Amino acid sequence: MKKLLILFLIGATAFSCKNTQSAANKDNSDPSKYVKLISEKDLKTMLYVVASDEMEGRETGSAGQKKAGLYMIDQYKKSGISFPKGASDFYQHIPASYLNAKRNQNLPDSENIWAYIEGSEKPDEVLVISAHYDHVGIKDGEVYNGADDDGSGTVAVIEMAKAFAKAKKQGHGPKRSILFLHVTGEEHGLHGSRFYSENPLFPIANTIADINIDMIGRRDVEHANTNNYVYVIGADRLSSDLHNAVVAQNEKYIKMDLDFKFNDPKDPNHFYERSDHYNFAKHGIPAIFFFNGVHEDYHGKGDEPQKIEYDALTKRTKLAFVLAWDLANRENRPVVDKPIK
Ligand SMILES: [Zn+2]
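Mind the numbering: the sequence shown is residues -23 to -1, 1 to 318 in mature numbering (1 follows the signal peptide of the UniProt record, and there is no 0), read in order.
In structure tokens form, the structure reads like this:
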């Protein structure tokens, strides 16, 4: 009698927990609780490691880059985040032959690094959040640390993954799956993202968008008086929904100045074609690029972690997070309503 009663109680509790969880899962409309987890301290701690001399400027295929990669993977493991379904580890290996095919720069083999959180309702639809983790290495004995380029994006992606993992633990996991993709070979010609787009782990047709982050920790001369801005590039090129989503989420939760100056197709800098999101856009995947503009230390030895404005890095990471939250949880994936060029 007692035993039976206990069993009945356990059964009833399990049933009610499951019910609460699925009810909670249905309401992921508000990211407020989880965007708070994006922490300035965390970002700073990680960036001081990723952009330390020990990583030797993270040149594609170098020992220093691999060391940075191991640190990044360790961050995922510590947060209970695994590599994607269908992969055997955290690496997407890219042979030297691929990296040197367009122009032989004697690059050795290298790796993209990926982590993954499976969606609760539409696991087959995948949002990609990307940032390159390579930089330009050592020149004349000086380590080029690339704290902004793109240490800032690298740690932003990890920090976002940690917040999504925590949300999932509390029954608010994303409805769609999210692939956290750290690409290599960007500085040599966007190789890692091109390789992924030609060898995708998840079908291109199921890839709903790419949020790419490349340099979000500094300010440019155009914004000498404030760091409360970010350049938004590419969002409306393929999808009005993606553009509307970033505007709405910013308005609601972040209130940062979104600068669309470099989104002008006639802008002579052509930033739209100059970072990894472009390899997704080429395949018809709506893509958005967050960027702080260039500064005096761009590709210079002065791109150091102590020059990063951590309040700005944190706020821009939060913007990327609330956008990702919306894209992963919204009813319909962003529609492609513009011609693919
Ligand atoms: Zn970069």
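Glycine residues also receive a C-beta, built at the ideal position from the N, C-alpha and C atoms.
If you're wondering where the values come from, they're calculated on a predicted model, not measured in any experiment.
| Asked | Found |
| --- | --- |
| Check: D127 C-beta below 6 Å from any heavy atom of ligand 1 | yes |
| Complete beta strand (DSSP E) runs within the region 86 to 110 (minimum length 3 residues, chain order) | 87 to 94, 99 to 109 |
| Alpha-carbon spacing of Q69 relative to K143, whole angstroms | 25 Å |
| Integer-rounded CB distance, given that D244 should sit under 8 Å from E164 | Their Cβ separation, rounded to whole angstroms, is 21 Å, which puts E164 and D244 out of contact at 8 Å. |
| Within-7 Å CB hit, S87 to chain B | In the displayed structure, chain B is absent; only one protein chain is listed. |
| Y208 to E17 span [Cα, whole Å] | 20 Å |
| At least 3 beta-carbon pairs within less than 8 Å: the region 210 to 227 vs the region 280 to 295 | no |
| Simplified DSSP assignment, three categories, for S252 | coil |
| Pick from D288, V313, Y11, T294 that is closest to K146, judged by C-alpha positions | Y11 |
| Cβ pair V27, G162 closer than 7 Å | no |
| Residues near I231 in its chain [Cβ-Cβ closer than 8 Å; skip 5 each side] | K292, K295, L296, V299 |
| Alpha-carbon to alpha-carbon, G34 and G270 | 21 Å |
| Neighbour-count burial assignment, L24, 16 or more Cβ in a 10 Å radius | buried |
| Three-pair Cβ contact test at 8 Å for the region 170 to 181 versus the region 59 to 76 | yes |
| Opening and closing residue of the alpha helix (DSSP H) in which Y25 lies | 17 to 27 |
| Separation of I262 from I181, as counted between CA atoms | 8 Å |
| Helix, strand or coil at K116 according to DSSP, with G and I counted as helix | strand |
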